[in-house]
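Asks: Attaching a single structure in structure tokens format; questions to follow.
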């Protein structure tokens, strides 16, 4: 799956989860943040640097969306697999580990 296709699949996942994806300019070059998950006005939002490469955009989306339950998502297998692997690494198998409620 090409990075652009992966970004589109992850945007679809965000929509299914009720998470808004917002592309903004995040500052001058050299800034190390490509974006991330936050809660704005009561809604989960992923802010992504619009100047980032498709691969970097996908990475930010995977990191943010993997904090949610991805099992019920209807997205291509490769995108779902990336989310599930990342989710497992976030949870680390720790009992009682919490993630945001959608």
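Numbering (this note's numbering), first residue to last: 6 to 107.
Each residue gets a CB set at the ideal place from its N, CA and C atoms; glycine is no exception.
Predicted model, so just to flag it, every value in this text is computed and none were measured.
1. When burial is assigned at 16 or more other CB atoms within 10 Å of the CB, is residue 101 buried or exposed?
2. Indicate, with yes or no, if the ligand GDP has a heavy atom lying under 7 angstroms from the CB of residue 32.
3. Would you list the residues sitting across from residue 50 in a DSSP beta bridge?
4. Would residue 95 be called buried (16 or more neighbouring beta carbons within 10 Å of its own) or exposed?
5. Can you tell me whether DSSP reads residue 95 as helix, strand or coil?
6. Residues in its own chain within less than 7 angstroms of residue 89 by CB, not counting five upstream and five downstream?
7. Can you tell me where the alpha helix (DSSP H) holding residue 64 begins and where it ends?
8. Just verifying my parser: in three-state terms, what is the DSSP assignment at residue 8?
9. If residue 87 sits next to residue 67, beta carbons under 8 angstroms apart, how far is it from one beta carbon to the other, in whole angstroms?
10. Should residue 7 be labelled buried (16 or more other beta-carbon atoms within 10 Å of its own) or exposed?
Replies: On the basis of the data shown:
1. Caution applies to residue 101, whose pLDDT of 46 falls short of 50 and renders its modelled position unreliable; the model cannot decide the point.
2. With respect to the ligand GDP, the structure offers nothing, as it holds no ligand at all.
3. 25, 43
4. exposed
5. helix
6. 75
7. 59 to 70
8. helix
9. 5 angstroms
10. exposed
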